[in-house]
Amino acid sequence: MQLNREALTRAYRQMKLIREFEERLHEEIQTGEIAGFTHLYSGQEAVAVGVCEHLTERDKIVSTHRGHGHCLAKGCDLGGMMKEIWGSQEGLCNGKGGSMHIADIDKGMLGANGIVGAGAPIAVGAAISSKIDGPDADGKLAVSIAFSGDGACNQGTTFEAMNLAVVTKAPAIFVFENNHYSEHTGVDYAVGTNKDIASRAEAFGMKVWRADGTDFFAVHDTFREVLEYVRVPGNGPAAVEFDTERFFGHFEGDPQRYRGDGELDRLRAERDCLKIFRASVTGAKLLEDVDLDAIDTESLKAIEDAVAASRAAARPQPENVLENVYISY
Amino acid sequence: MARMMYRDAIRNTIFQEMQRDERVVVLGEDVAGGMGTAGGPEAIGGIWSTSTGFYEAFGPDRVIDTPISESAIMGAAGGLALAGKRPVAEIMFADFIGVCMDQLWNQIAKFRYMFGGKSICPAVIRMPVGAGYNAAAQHSQMISQFVTNMPGIKVAMPATPADACGLLRQAIRDDDPVVFLEHKFLYGMKGEVPDDPDFTIPFGHARLARAGQDVTIVATGMMVGYAETAADDLAQDGIGCDVIDLRTTSPLDEEAILDSVEVTGRAVIVDEAPPRCSLATDISSLIAQKAFASLRAPVEMVTPPHTPVPFARELESAYLPSPAKIAAAVRKSLEYR
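As they're listed, the protein sequences go chains H and S.
The first sequence: position 1 = 0 (numbering that gives the first Met the number 0), numbered continuously.
The second sequence: position 272 = 271 (numbering that gives the first Met the number 0), numbered continuously.
Written out as structure tokens, the structure reads:
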């Protein structure tokens, strides 16, 4: 653990914002105000933040259907995201994308994705682009991250993307967040052989890492090593598997009959990355509870403001449906 | 003007655009060809000879020889485009679209719309299409009907070497994704190609390949040449045909079709795709909706039967439209009361 007070504060604030963003969505969805499908990321915040804290705007990420955490961690505007989920014309995608398709190209966020496993080849394309651009003055390459879950690790696109990245020595990083469920099916069933995703990436000739995804510091420190490796021209891609937890269902409204008795309570008590972080930094006297409580209050306020702004934001008009099909026709 | 083959018009255009704009990169199976073999890169130079010499000129960063993995090619083209490059991807046979449909249909086609117009996606996907080589049902298909149905994708179908050049240069410089359907049977066709390094053909503007007063023939790709042959034959009998080469099916030059049909009152639509839910039915529907009062006969469609593409020479000939079938459809239209 080598982070200073400012970095620790920033990391906690990011994780807490993601958590509150989603806890609030969970409530609002039940009121019927938000349309469509929403997939919550709660529980996995340490991964998004532990990874993205290392990245710059030159680095790209490609996300999944469970993308809110990655978007916020990569710097997408919180208010713009909330408005997008509300379907507002003022949303990040003018209400054309919704929860599953948030993108912010200027921030290097190349899109959440409604198709499981679809993001990896796109990330490899962005990584090839980075390789063509070459290293910066420090001799380091910009990288491109493909976030995938244990579900996506079974898709052929992911396999094709890993192989293409190895063949082209593209600076791509495959981040597998194993939250133990692909939709409603357990990883013990769906991932064959030894149930290990990282070893699959290894089989494509990549260097791989594994870490506890509920421990921010494990994610952060591991990913620093991954990044240092991939930023070196000629090294090519790498993969990392984080063992993590998801507190909500596959989608909002999922009754989660596949969970075991007391499983969710146990996860919230023992495997909550925010609680683990708090215990870790207060135990080491790096931050006080009072500091973290202040961030909690501040985060709730930010979410409250975003929700109020989303409610008040302009709605799309029927003629907007025709916009943005093509550039010039 | 230089006289050259359709395939060379394509090769030269990409080569020139790669020289002009360093953001242009090519990727696909065997686009260098011979990578990892004793023969080495350029042992093949692309199976359609549309990228011969590229590897030597531009190197492995910009001539990306991929494994056989169409989803990765298509997705990487999308990622390259989002990251600021201008990829020209080759799917070796258009039939393989099935392998990578998601990356085309759900990803590349939709980025701009889903992201609220905040991104461009200047990817060109070249897909050789069509029958005529007895390559049977998995290497001979026309797929214009699928891609034309995808909002967000522009679709070009050049019928001549000049159009292959002008439409492809437009596609590479266009900020939207373009599916570029090259007819395999046209690769050896020779024609004049303008020397102007900025020669482009804007999308959505049809070409009048033949002018006549009696019947409108609408065609694309290889079918244009067949329609021209039919029109020349019919001219011997004093029958004049407008032959409209659509050039692009998305956007579609509706005006060119409707203006012609208003004069002739008769339309024959020639399409190499199977007839159900196709370009032929789409254009027939357009004429029925917007030029009904001008029609003096039912719209005729000349298409293959609703079957996969057969293998044997006799069967493939029976399957494909031909100048004789087109001429017969024109005569049928003229004979209608």
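The C-beta atom is built at its ideal place from N, Cα and C for all residues, glycine as well.
Check: Residue range of the beta strand (DSSP E) that includes arginine 209 of chain H; Outcome: 206 to 211
Check: Close Cβ partners of glutamine 106 of chain S (< 8 angstroms) along its chain, the five nearest in sequence each way excluded; Outcome: Met73, Gly74, Gly77
Check: Within-7 angstroms CB hit, proline 317 of chain H to chain S; Outcome: no
Check: Residues bridged to methionine 4 of chain S (per DSSP); Outcome: S:Lys189
Check: Cβ separation of methionine 4 of chain S and methionine 188 of chain S, assumed to be a contact under 8 angstroms, to the nearest whole Å; Outcome: 7 angstroms
Check: Simplified DSSP state of leucine 91 of chain H, which is helix, strand or coil; Outcome: coil
Check: Beta-carbon neighbours of alanine 160 of chain H, restricted to chain S and to distances below 9 angstroms; Outcome: Ser68, Ser70, Ala71, Gly74, Ala75
Check: Residue from S:Ser332, S:Arg275, S:Ser316 with nearest C-alpha to histidine 305 of chain S; Outcome: S:Arg275
Check: Nearest neighbour of methionine 113 of chain S, chosen from H:Ala122, H:Ala102, H:Ile114 [CA to CA]; Outcome: H:Ala102
Check: Contact the stretch 10 to 25 of chain S vs the stretch 41 to 54 of chain S: 3+ CB pairs below 8 angstroms; Outcome: yes
Check: Proline 201 of chain S versus valine 154 of chain S: straight-line alpha-carbon distance, rounded; Outcome: 12 angstroms
Check: Reduced DSSP category for phenylalanine 173 of chain H - H, G, I as helix; E, B as strand; rest coil; Outcome: strand
Check: Residue range of the unbroken alpha helix (DSSP H) whose run includes leucine 16 of chain H; Outcome: 4 to 30
Check: Buried versus exposed, by CB contacts within 10 Å (16 or more), glycine 116 of chain H; Outcome: buried
Check: Per-residue DSSP class, three states only, for threonine 221 of chain H; Outcome: helix
Check: Amino acids of chain H, ordered along the chain, whose beta-carbon sits closer than 7 angstroms to that of serine 118 of chain S; Outcome: Ala102, Ile104
Check: is_contact[asparagine 93 of chain H, chain S] using C-beta, thresh 7 angstroms; Outcome: yes
Check: Residue-chain proximity (isoleucine 150 of chain S, chain H), Cβ-Cβ < 7 angstroms; Outcome: Checking the displayed sequence, the identity of residue 150 of chain S turns out to be proline instead of isoleucine. Yes - at least one Cβ of chain H is within 7 angstroms of the one on proline 150 of chain S.
Check: Inter-stretch contact at 8 angstroms, needing at least 3 Cβ pairs: the stretch 298 to 317 of chain H / the stretch 124 to 140 of chain S; Outcome: no
Check: C-alpha distance - arginine 4 of chain H paired with aspartate 29 of chain S, whole-angstrom precision; Outcome: 53 angstroms
Check: Cutoff 7 angstroms: glutamine 106 of chain S Cβ touching any chain H Cβ; Outcome: yes
Check: Residue from S:Asp236, S:Asp60, S:Leu166 whose Cα sits closest to the Cα of valine 192 of chain S; Outcome: S:Leu166
Check: Sequence-distant residues of the same chain with beta carbon closer than 6 angstroms to glycine 204 of chain H, five excluded per side; Outcome: Val165
Check: Segment contact, 8 angstroms Cβ cut-off, at least three pairs: the stretch 214 to 226 of chain H with the stretch 153 to 171 of chain H; Outcome: no
Check: Range of the contiguous alpha helix (DSSP H) that encloses arginine 267 of chain H; Outcome: 262 to 269
Check: Proximal chain S residues relative to serine 128 of chain H, where beta-carbon distance stays under 8 angstroms; Outcome: Gly78, Leu79, Ala82, Gly83, Lys84
Check: Chain-ordered neighbours of glutamate 322 of chain H on chain S, where CB pairs are closer than 8 angstroms; Outcome: Gly116
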